[in-house]
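There are 2 protein chains.
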Amino acid sequence: MTQTAAIIGGGVIGGGWAARFLLMGWDVRVFDPDPEAERKIAEVLANARRSLPGLSDLAMPEEGALSFHESMESAVKGARWIQESVPERLELKHKVYRTVQTACEPDAVIGSSTSGFKPSQLQEGAERPGQILVAHPFNPVYLLPLVELVPSEATPAAMVSAAKELATSIGMAPLVVRKEIDAHIADRFLEAVWREALWLIKDGVATTEEIDNAIRYGFGLRWAQMGLFETYRVAGGEAGMKHFIAQFGPCLEWPWTKLMDVPELTPELVDQIAEQSDAQSGQYSIRELERIRDNNLVAMLRALKAQNWGAGALLKAADTSRKSMPAVFSQPIVTVDRAVPLDWTDYNGHMNEAKYLQAFGDATDLFMELVGCDADYIASGLSYFTAETHIRHIDEVHAGARIVIRTQCLLGEGKKMHLFHEMWEGERLLATGEHMLIHVSLETRRACVPSDAVAAKLGEIAQAHASLPLPEGAGAAVGRR
Amino acid sequence: MTQTAAIIGGGVIGGGWAARFLLMGWDVRVFDPDPEAERKIAEVLANARRSLPGLSDLAMPEEGALSFHESMESAVKGARWIQESVPERLELKHKVYRTVQTACEPDAVIGSSTSGFKPSQLQEGAERPGQILVAHPFNPVYLLPLVELVPSEATPAAMVSAAKELATSIGMAPLVVRKEIDAHIADRFLEAVWREALWLIKDGVATTEEIDNAIRYGFGLRWAQMGLFETYRVAGGEAGMKHFIAQFGPCLEWPWTKLMDVPELTPELVDQIAEQSDAQSGQYSIRELERIRDNNLVAMLRALKAQNWGAGALLKAADTSRKSMPAVFSQPIVTVDRAVPLDWTDYNGHMNEAKYLQAFGDATDLFMELVGCDADYIASGLSYFTAETHIRHIDEVHAGARIVIRTQCLLGEGKKMHLFHEMWEGERLLATGEHMLIHVSLETRRACVPSDAVAAKLGEIAQAHASLPLPEGAGAAVGRR
Chain A
1 MTQTAAIIGG GVIGGGWAAR FLLMGWDVRV FDPDPEAERK IAEVLANARR
51 SLPGLSDLAM PEEGALSFHE SMESAVKGAR WIQESVPERL ELKHKVYRTV
101 QTACEPDAVI GSSTSGFKPS QLQEGAERPG QILVAHPFNP VYLLPLVELV
151 PSEATPAAMV SAAKELATSI GMAPLVVRKE IDAHIADRFL EAVWREALWL
201 IKDGVATTEE IDNAIRYGFG LRWAQMGLFE TYRVAGGEAG MKHFIAQFGP
251 CLEWPWTKLM DVPELTPELV DQIAEQSDAQ SGQYSIRELE RIRDNNLVAM
301 LRALKAQNWG AGALLKAADT SRKSMPAVFS QPIVTVDRAV PLDWTDYNGH
351 MNEAKYLQAF GDATDLFMEL VGCDADYIAS GLSYFTAETH IRHIDEVHAG
401 ARIVIRTQCL LGEGKKMHLF HEMWEGERLL ATGEHMLIHV SLETRRACVP
451 SDAVAAKLGE IAQAHASLPL PEGAGAAVGR R
Chain B
482 MTQTAAIIGG GVIGGGWAAR FLLMGWDVRV FDPDPEAERK IAEVLANARR
532 SLPGLSDLAM PEEGALSFHE SMESAVKGAR WIQESVPERL ELKHKVYRTV
582 QTACEPDAVI GSSTSGFKPS QLQEGAERPG QILVAHPFNP VYLLPLVELV
632 PSEATPAAMV SAAKELATSI GMAPLVVRKE IDAHIADRFL EAVWREALWL
682 IKDGVATTEE IDNAIRYGFG LRWAQMGLFE TYRVAGGEAG MKHFIAQFGP
732 CLEWPWTKLM DVPELTPELV DQIAEQSDAQ SGQYSIRELE RIRDNNLVAM
782 LRALKAQNWG AGALLKAADT SRKSMPAVFS QPIVTVDRAV PLDWTDYNGH
832 MNEAKYLQAF GDATDLFMEL VGCDADYIAS GLSYFTAETH IRHIDEVHAG
882 ARIVIRTQCL LGEGKKMHLF HEMWEGERLL ATGEHMLIHV SLETRRACVP
932 SDAVAAKLGE IAQAHASLPL PEGAGAAVGR R
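Laid out in structure tokens, this is it:
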């Protein structure tokens, strides 16, 4: 049965909650007196619709129904989850809860997006205090899984487990905080870093851009996949977490930050950390963790490279500065020469079939560039699209191997470009890729002839290759030679 | 000409430097009295060799030569870059520099991996103080690009620019720190977070695992691509960075962290931050930044999903809990039903050709699972490998579209499995994929017959599909119908 969520306050955070519930199949009712609320939520929802569904490898449930309500009471009536995301003023939140509790189901979850208040503060003076808890998400709410669920002593265990289950069902990772404290857990880190950053700017040590780069070119990449303690566990190496923490101790007393209250690293605290770290990561050896870390870093760096952003943009720029174009066309042309990256491997322990086509696609891209179909040409509204592909997998190849692709032009006239790629590791033929490309207008999305310059260059290479023998395997169909 | 780096101290950090220089084509000379140094560096180098080369889309330069030296003098003689990574004891570092400077070139860069000392401290009593500067990297040094270069007032500008250029040439992102301070920039953040984390554990608020999850399921993913200020710029929305910072101010005075010295957010500081943020990110509208952020997050989350780690493991688990297997085989079987993810799009603004094969590969995987070739079967040492693929691209498709793949089994007997996939968006045929798979032993990597159970199930489906018409396009070769 379709469940219903009520969203009280529809800003960036409330809108993010609305989008997540909706795309997970819930009906969503919004109450927000802001006349701009509908527009604002529509904008968040547009972002969510373009990004969230593709995270899953399965079709999403049917989107729920979105409605806007004039009264808070009508929005919350019958809702399973009520999420309050109003400004951070305690008296305002109290007022909201009073109205909500006159109309909502007594066992509905009332979650607050507060980043600072403790649940016991939120519950003060409420009709049913146990129904209200902190459910603190992270922007963008529709993509980031973390939600901090913070109960108080007045919160029944059943309410916590219901909230946990419902949050999980909409794709979130609920972190139930054991003891209520100001700012819960994550925002304490954000606050600590934020203050330090303000000092660095105020003291003229670094600019906002330098600080962002100091984060995203370094520890930000570590934290995105392992967090703080698992990262240090790996850094500590074979000597173990206890040794690492114990020797870390003295540094903490150095005057490295502006903020100086330091917990004493007693033997008890060292033991506690080491034991928790063993429970968390002890199933992996340090060597295994190193490789997991490196796999993750390579996968994330290459994902960012494909987006040309952050540390990935650095990799792309480094490639550009090293790139050289082939100049001799009497033989098949080397269009790819690279190592197989870690993230191209699959469960069979070798390069995944789709990555063969990725490498052949890269080879085609370089060939296109060679005939003048480069970024400027594409920006002018013309390009080649692949119409057809035939791949023969002849031998396996593994991460780290150096692969070379040589490309023979079988035909290059009119709208057609017929290419034959051979992928080699040293003397070993790994695969062939035969591709028919059609020149298109990016405006009409239809076939058209290339520019004179591209036609001439393509014709020149096609002619140079015309005297080469037809490669073995060209023209074959699946299952027939 | 091959350049030479000298590595003084070959632990995890020194070994990481050695690996980066070597794989970027430098000769590397190591001095480390530890009898284990050679083994330790070999281990770091093995990790680097498996992960670094694939970051580039071009072949790496020829690896340099690695040598181990009995004396510091012979290691540093003629080296262009000398990197000191000895323990954090100032008198030890001074002793190293004294010896190094008796033998090294006067214009060589002497970089220190110190995470805490200022360059002016390192330079004390040196023969040529201007030659010594901080070059603080981040573990794993061979993958993370950030290196903090910290000069003192005694450092000539030419030394800084030489160090910057050389670091860039080995794929690093040098951040030249404007004013020397203890712990430079990044480690001040790490320290602040570390202390806060220790308090949370000591006070029983969270465990190491909960803290790591609070980071890697939330802000860690934001920081890996945008850092702190650009993230807040996006969160602040259309009202702008100045408005955002100004309203953020009061919260800083709340007792959210244990460490309380707060910089005053004067109008001047607010202006300074807003201006720096405009200079950094002002070329993008907030709407553009939101989409860039979401593209990056989707790409990183899906990269982590492929590794089954961190936030990506959550996505994978959510899919597993929702997955259902088809049970009716009288018609072509729905093997994929999903949205096209953002990171499947290429420069032509549509789904990239390699992603068609990825989707067809997923369809094949589900079909394999259906006939009993599942994770357990593969773990037992048997699998199917794709031998041949023929793809026809019939129409374009864009991110967010829902695609469905229906799979017809053309042949399923002996070692062969011949599949024909059709990819649809609604009533629109997008592409067909014809695949010949061969059953293999993962031990011998050779063809062999499947287990009786798999053969029986495959035979059952093949027989159910035998009466279906041969799909249009089956058996075709590139360029011929």
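These protein sequences, in sequence, are chains A and B.
Heads up: the first sequence at position 97 corresponds to 97 in the working numbering, and the numbers run straight through without jumps.
The number in the working numbering is simply the position in the second sequence, starting from 1, with 481 added.
Built from N, CA and C at the ideal position, the CB exists for glycine as well.
Legend entry - Rounded separation between B:Tyr623 and A:Ile185 - CA only: For the purposes of this step, residue 623 of chain B is identified with residue 142 of the second sequence, where counting begins at 1. For the purposes of this step, residue 185 of chain A is identified with residue 185 of the first sequence, where counting begins at 1. Looking at the two C-alpha atoms, the distance is approximately 32 Å.
Inset, instruction - Have a look at A:Tyr97 and B:Trp704 and give me their C-alpha separation to the nearest angstrom. - result: By 1-based counting over the first sequence, the position of residue 97 of chain A is 97. By 1-based counting over the second sequence, the position of residue 704 of chain B is 223. Cα to Cα, A:Tyr97 sits roughly 34 Å from B:Trp704.
Legend entry - First through last residue of the alpha helix (DSSP H) which encompasses A:Pro487: The structure shown does not extend to residue 487 of chain A, since chain A spans only 1 to 481, so no value can be given for it.
Legend entry - Beta-carbon proximity check, A:Gly14 vs A:Gln101, cutoff 8 Å: Within the first sequence, the letter at position 14 stands for residue 14 of chain A. Within the first sequence, the letter at position 101 stands for residue 101 of chain A. Cβ atoms of A:Gly14 and A:Gln101: not closer than 8 Å.
Inset, instruction - Determine the direct distance from the alpha carbon of B:Glu903 to that of A:Pro471, and round the result to whole angstroms. - result: Mapped onto the first sequence, residue 471 of chain A falls at position 471. Mapped onto the second sequence, residue 903 of chain B falls at position 422. Between the alpha carbons of A:Pro471 and B:Glu903 lies a gap of roughly 29 Å.
Legend entry - B:Tyr858 in three-state terms, based on DSSP: Sequence index remark: in the second sequence, residue 858 of chain B carries index 377 (1-based). B:Tyr858 sits in a helix when the DSSP states are folded into three classes.
Legend entry - Top-ranked residue by Cα proximity to B:Ala955, from A:Ala474, A:Gly475, A:Gly473, A:Gly479: Position 474 of the second sequence, counting from 1, holds the residue named residue 955 of chain B. It is A:Gly479 whose Cα lies nearest to the Cα of B:Ala955.
Legend entry - For A:His69, the three-state DSSP class (helix, strand or coil): On the first sequence, position 69 is the one that residue 69 of chain A refers to. Coil, per DSSP.
Legend entry - the region 406-415 of chain A in contact with the region 445-455 of chain A per 3-pair CB rule at 8 Å: Pairwise C-beta distances place the region 406-415 of chain A in contact with the region 445-455 of chain A, as three or more of them are shorter than 8 Å.
Legend entry - Residues bridged to A:Val96 [DSSP beta-bridge criterion]: Residue mapping note: residue 96 of chain A aligns to position 96 of the first sequence, counting from 1. According to DSSP, A:Val96 bridges with nothing at all.
Legend entry - C-beta neighbour in chain A for B:Arg927, strict 8 Å: Counted from its first residue, the second sequence places residue 927 of chain B at position 446. No, B:Arg927 does not count as interfacial toward chain A.
Legend entry - A:Glu180 (DSSP reduced to helix, strand or coil): If you number the first sequence from 1, residue 180 of chain A lands on position 180. In the structure shown, A:Glu180 sits in coil (DSSP, three-state: anything other than H, G, I, E or B).
Legend entry - Close beta carbons around B:Ala584, own chain, < 6 Å, minus the five adjacent residues each side: Against the second sequence, residue 584 of chain B aligns to sequence position 103. Correct list, in chain order: Glu554, Val557, Lys558.
Inset, instruction - Note down, in chain order, each residue of its chain lying with its Cβ closer than 8 Å to the Cβ of B:Phe651, except the 5 sequence neighbours on either side. - result: What you label residue 651 of chain B is simply residue 170 of the second sequence in a count that begins at 1. One detail in the question is off: residue 651 of chain B reads as Ile in this sequence, not Phe. Cβ neighbours of B:Ile651 beyond the five flanking positions: Arg501, Phe502, Met505, Trp507.
Legend entry - Partners in chain E for A:Met226, counting only beta-carbon separations shorter than 9 Å: Reference to chain E is not applicable here, since the protein chains of this structure are A and B.
Legend entry - Best match in B:Glu524, B:Leu900, B:His871, B:Glu586 for proximity to B:Leu847 [C-alpha to C-alpha]: Counted from its first residue, the second sequence places residue 847 of chain B at position 366. A check of alpha carbon separations from B:Leu847 across B:Glu524, B:Leu900, B:His871, B:Glu586 identifies B:Leu900 as the nearest.
Inset, instruction - With a threshold of 16 other CB atoms inside 10 Å of the CB of B:Pro600, please say whether the residue is buried or exposed. - result: Here residue 600 of chain B corresponds to residue number 119 of the second sequence, with the count starting at 1. Its Cβ being crowded by 16 or more others within 10 Å, B:Pro600 is buried.
Legend entry - Length of the line joining the Cα atoms of B:Val779 and B:Leu823: Residue 779 of chain B sits at position 298 when you count from the first residue of the second sequence. Residue 823 of chain B sits at position 342 when you count from the first residue of the second sequence. Rounded to whole angstroms, B:Val779 to B:Leu823 spans 7 Å at the Cα level.
Legend entry - Contact between the region 194-202 of chain A and the region 639-656 of chain B (3+ Cβ pairs under 8 Å): The answer is no - the region 639-656 of chain B does not touch the region 194-202 of chain A, with fewer than three Cβ pairs under 8 Å.
Inset, instruction - Would you list the one or two residues that DSSP bridges to B:Leu939? - result: Taking the first residue of the second sequence as position 1, residue 939 of chain B is located at position 458. The partner list for B:Leu939 (beta bridge, DSSP) is empty, contrary to what the question assumes.
Legend entry - Residues bridged to A:Ser112 (per DSSP): Counted from its first residue, the first sequence places residue 112 of chain A at position 112. Within the DSSP bridge table, the entry for A:Ser112 names A:Glu84, A:Val134 as partners.
Legend entry - Boundaries (first-last residue) of the beta strand (DSSP E) holding B:Leu900: As a working note, residue 900 of chain B is residue 419 in the second sequence. Residues 897-906.
Inset, instruction - Under 8 Å by Cβ, that's how I've got A:Ala359 and A:Val334 pegged, so tell me the actual separation to the nearest angstrom. - result: Taking the first residue of the first sequence as 1, we reach residue 359 of chain A at position 359. Taking the first residue of the first sequence as 1, we reach residue 334 of chain A at position 334. Actually they are not in contact, since the Cβ atoms of A:Ala359 and A:Val334 sit about 13 Å apart, beyond 8 Å.
Inset, instruction - Count the other C-beta atoms from every protein chain shown that fall within 10 angstroms of the C-beta of B:Val821, then say buried if there are 16 or more, exposed otherwise. - result: Sequence index remark: in the second sequence, residue 821 of chain B carries index 340 (1-based). Under this definition B:Val821 is a buried residue.
Inset, instruction - Please confirm whether B:Arg873 and B:Thr913 have their CB atoms less than 8 Å apart. - result: For this step, residue 873 of chain B is matched to residue 392 along the second sequence. For this step, residue 913 of chain B is matched to residue 432 along the second sequence. In this structure, the beta-carbon distance from B:Arg873 to B:Thr913 falls below 8 Å.
Inset, instruction - Check A:Thr102 in the structure and name its three-state DSSP category. - result: Residue 102 of chain A sits at position 102 when you count from the first residue of the first sequence. Here A:Thr102 sits in helix by DSSP.
Inset, instruction - Indicate the three-state DSSP secondary structure (helix, strand or coil) for B:Met832 in the structure shown. - result: In the second sequence, counting from the first residue as 1, residue 832 of chain B sits at position 351. In this structure, B:Met832 counts as strand in the three-state DSSP scheme.
Inset, instruction - Could you tell me the distance, in whole angstroms, from the CA atom of B:Asp538 to the CA atom of A:Pro326? - result: The residue given as residue 538 of chain B occupies position 57 in the second sequence. The residue given as residue 326 of chain A occupies position 326 in the first sequence. For B:Asp538 and A:Pro326, the distance between alpha carbons rounds to 15 Å.
Legend entry - 7 Å Cβ cut-off: residues of chain B touching A:Gln549: Residue 549 of chain A lies beyond the residue range present for chain A, which begins at 1 and ends at 481; the question has no answer from this structure.
Inset, instruction - Please compile the residues from chain B whose C-beta is within a distance smaller than 9 Å of the C-beta of A:Phe31. - result: Numbered from 1 along the first sequence, position 31 holds the residue referred to as residue 31 of chain A. Result: empty, since nearest Cβ-Cβ is about 21 Å, beyond 9 Å.
Legend entry - Classification of B:Glu924 by the beta-carbon crowding that lies within 10 angstroms, buried from 16 upward: Position 443 of the second sequence, counted from the start, is the residue given in the question as residue 924 of chain B. It counts as exposed.
Inset, instruction - Under 6 Å Cβ to Cβ from A:Thr231, same chain only, skipping five residues before and after it: list those, please. - result: Counting from one through the first sequence, the residue named residue 231 of chain A turns up at place 231. For A:Thr231, the CB contacts under 6 Å within the same chain, skipping 5 residues up- and downstream, are Arg222 in chain order.
Inset, instruction - May I have the straight-line CA-CA distance separating A:Thr389 from B:Met781, to the nearest angstrom? - result: Within the first sequence, numbered from 1, the residue matching residue 389 of chain A stands at position 389. Within the second sequence, numbered from 1, the residue matching residue 781 of chain B stands at position 300. Spanning the alpha carbons of A:Thr389 and B:Met781 requires a straight line of approximately 29 Å.
Inset, instruction - Would you check if the distance between the CB atom of B:Glu629 and the CB atom of B:His617 is smaller than 8 Å? - result: Position 148 of the second sequence, counting from 1, holds the residue named residue 629 of chain B. Position 136 of the second sequence, counting from 1, holds the residue named residue 617 of chain B. Against a cut-off of 8 Å, the Cβ pair of B:His617 and B:Glu629 comes out as a contact.
Inset, instruction - Scan the region 377-409 of chain A and note each continuous beta strand (DSSP E) run of 3 residues or more that stays entirely inside, going in chain order. - result: The region 377-409 of chain A contains these whole beta strand (DSSP E) runs: 382-393.
Legend entry - Chain-ordered chain B contacts of A:Val12 [CB-CB under 8 Å]: Counting from one through the first sequence, the residue named residue 12 of chain A turns up at place 12. Correct list: Ala716, Gly718.
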